[in-house]
Amino acid sequence: MSDAFKGLRLYNTLTRTKTDFVPIDALNVRMYVCGPTVYDFAHIGNARPVIVFDVLFRLLRHVYGQAHVTYVRNITDVDDKINARALRDFGGEIAAGKLSLNEAIRRVTEKTADQFHRDVATLGCLEPTVEPRATEFVEPRADGKADMITLIQSLIKRAHAYVAAGEVLFDTASMPDYGQLSKRNLDEQQAGARIAVDAHKKNPGDFVLWKLSSQEEPGWESPWGRGRPGWHIECSAMSAAYLGEVFDIHGGGLDLIFPHHENEIAQSRCAHGTDVMANIWMHNGFLQVEGQKMSKSLGNFYSIHDLLETETFGGRSWPGEVLRLAMLMTHYREPIDFSVRKLEEAENTLRKWKRAADLAPAAGDLPTKVVEALSDDLATYAAFQHLTLLANEAAEFDGKGENPAAASLKAALLFLGFDVGAAKVDEAAVNKAIARRLELIAAKNWAEADRIRDDLLAQGVQLKDGKDPATGERLTTWEVKR
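Okay, so the sequence shown: first residue is 5 according to the numbering used here, each after it adds one.
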């Protein structure tokens, strides 16, 4: 753990309080964030949680060591909207027998998932540790990892689910404290429910775990007939597969609190018999565009790709790092008004920071004040205030030799995911640090070895561990990252 670390506090939606973060296992810190449903290009609202939780991922790696943090962000590639998009785009080929529906769905999801990956990389986001696809976790797996059908079977066995009208439904009345996350109780849900529409349900709030598929819809064989999973069960299975029955942090947008996250909690807790699914639930606020809700009907609906590659917003395209900074200038829990003015402000601020950072040939130590600000529930605004102070100090520096403020600023920008050019590094010093790290690994001093790796990464030097193909000995190479 970093010596500069003074304590991490995060706001927990479950308790509505800011609390000290204490991982279940400091050597295995686990976070799950709901990823995109890949029926179309991700819109700018989808970018906010990706950027926010990328910052948290970076902070957790700094505090606990890169090797001790697992970040899972899923891909939802089974969904009725995806089915509709496949029929829209490939309906003629499907009708002509040239393409099956499943093949058409794969084409849709591969294209949009690939574009999503390119977009978020341009936004400066690291890849998650694991990125499971929902379709890979429907049926029981050869590796024994959690799957949707087995989870549903467990819920039926524990009397938390039932079969009705060809569907498997979760019985919300079977869970006395259902609704803790959203603070909604069953009476409130029943009061506004249209019972006649769902007459086969025991309770109006019961939700689908499994539904039957027609021949025109994708499906998997199950004990309840050929069908497909409900939306919520997907994340319960994928999180359990890689993070276990209970893990540290679950994140996503505010719009997911109900019903998605509430129902994830119900499924996971009742299937596993646990008191919680995740200890801390974090949610980023809503996004508006120029003061209005983003909507295709209002003509203000923008994909990340639109903003990066076209001139549809403000008459120009925008660099990914400008979009990133604009998103982070507002605290993640607050609503954000995404505007041309905000992007221009972010661009000017970033230009000033980079000009000052360029006064140092290489990155210095990551500023403690930046880490402390982020450790207070990702207080990015406070962190950015310190970056501006460093930029001013760097610009006024008239001493001889290194410019310490500029070097610290460069380290902070690299840490936060901004491109400040290829770092100039002392190769001999890097090789000496790598040799020392290998000694520490041999001595099983993982914490100090991780610290060296993270210090090098803050300077723009990324290590890659492997094995010598001839001798089988551990081999570490490095490269300078932009």
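Think of the CB as a built atom: it goes at the ideal place given N, C-alpha and C, for glycine as much as any other residue.
Keep in mind it's a predicted model, so treat the numbers as computed, not measured.
Item	Value
Within a Cβ cutoff of 6 Å, which residues of the same chain sit near G470, ignoring the five residues on either side of it in sequence?	L479
For P27, does the count of other Cβ atoms within 10 angstroms reach 16, so buried, or fall short, so exposed?	buried
If I measure Cβ to Cβ from T17 and keep anything under 8 Å in the same chain, skipping five residues before and after, which residues do I get?	L185, I261, W285, M286, H287
Taking all protein chains shown into account, decide if Q271 is buried (16 or more other Cβ within 10 angstroms of its Cβ) or exposed.	buried
I need the boundaries of the beta strand (DSSP E) containing L14, first residue and last residue.	13 to 16
Can you tell me where the beta strand (DSSP E) holding E483 begins and where it ends?	478 to 484
Please identify the residue among R345, L417, P323, V293 whose C-alpha is closest to the C-alpha of D369.	L417
Which whole-angstrom value describes the C-beta separation of A117 and I79, a residue pair presumed to lie in contact below a C-beta threshold of 8 Å?	6 Å
Roughly how far, in whole angstroms, is the beta-carbon of W482 from the beta-carbon of V465, given that I think they are within contact range, below 8 Å?	5 Å
Return the Cβ separation of A395 and K356 in integer angstroms, given the expectation that the two are a contact with Cβ distance under 8 Å.	6 Å
My understanding is that F141 touches A245, with C-beta atoms under 8 Å, so please give their C-beta distance in whole angstroms.	6 Å
Quick check: the Cα distance between G476 and L444, rounded to an integer number of angstroms?	19 Å
In this structure, does DSSP put W214 in helix, strand or coil?	strand
Rounding to the nearest angstrom, what Cα-Cα distance links V375 and A383 in this structure?	10 Å
Is there contact between the stretch 251 to 269 and the stretch 305 to 318, where contact requires at least three CB pairs shorter than 8 Å?	no
How close, in whole Å, do the beta carbons of H72 and L31 come, if the pair is a contact with beta carbons under 8 Å?	5 Å
Give a yes or no on whether the C-beta atoms belonging to M152 and E238 are separated by under 9 Å.	yes
On a Cα-Cα basis, can you pick out the residue from G324, M333, R273, H236 that is closest to S158?	R273
Considering only C-alpha positions, which residue in the set D459, D181, L442, A125 is nearest to L327?	A125
Which residues in the same chain have their Cβ closer than 7 Å to the Cβ of D210, if we skip the five residues on either side of it in sequence?	L173, F174, D175, T176
So, at 6 Å on beta carbons, what are the nonlocal neighbours of L291 in its own chain, with the 5 sequence-adjacent residues on each side left out?	G49, R52, I340, F342
Starting from the C-beta of C129, find all residues in its chain whose C-beta is less than 6 Å away, skip the five residues before and the five after it, and write them out in chain order.	V54, D58
What is the C-beta distance between H47 and M298, in whole angstroms, given that I count them as a contact (C-beta under 8 Å)?	7 Å
Determine whether the beta carbon atoms of D147 and I109 lie at a separation below 9 Å.	no
Quick one: grab the DSSP three-state call for M179.	coil
Provide the residue(s) that pair with E3 in DSSP beta bridges, ordered along the chain.	It is not possible to answer for residue 3, since the shown part of the chain is limited to 5 through 486.
With a threshold of 16 other CB atoms inside 10 Å of the CB of A432, please say whether the residue is buried or exposed.	exposed
Between T481 and chain B, is the shortest Cβ-Cβ distance under 9 Å, so that the two count as touching?	Chain labels in this structure do not include chain B; a single protein chain is all it has.
Going straight from the alpha carbon of R111 to that of A90, what length do you get?	8 Å
Whole-angstrom Cβ separation of R13 and D430, contact assumed at under 8 Å?	Actually they do not touch by this definition, with Cβ atoms about 37 Å apart.
Decide if E143 is buried, meaning its Cβ has at least 16 other Cβ atoms within 10 Å, or exposed.	exposed
Checking 9 Å against the spacing of the C-beta atoms, do P408 and F401 come in under that value?	yes
Taking the continuous alpha helix (DSSP H) assigned at H66, which residues delimit it?	48 to 68
Please identify the residue among H236, K102, N189, A168 whose C-alpha is closest to the C-alpha of T41.	H236
How is A8 classed by DSSP in three states: helix, strand or coil?	At A8 the pLDDT is 43, less than 50, meaning the model places this residue with poor confidence; the figure from the coordinates comes in the next sentence. DSSP places A8 in coil when its eight states are reduced to three.
With a Cβ-Cβ cutoff of 9 Å, do V33 and Y68 count as a contact?	yes
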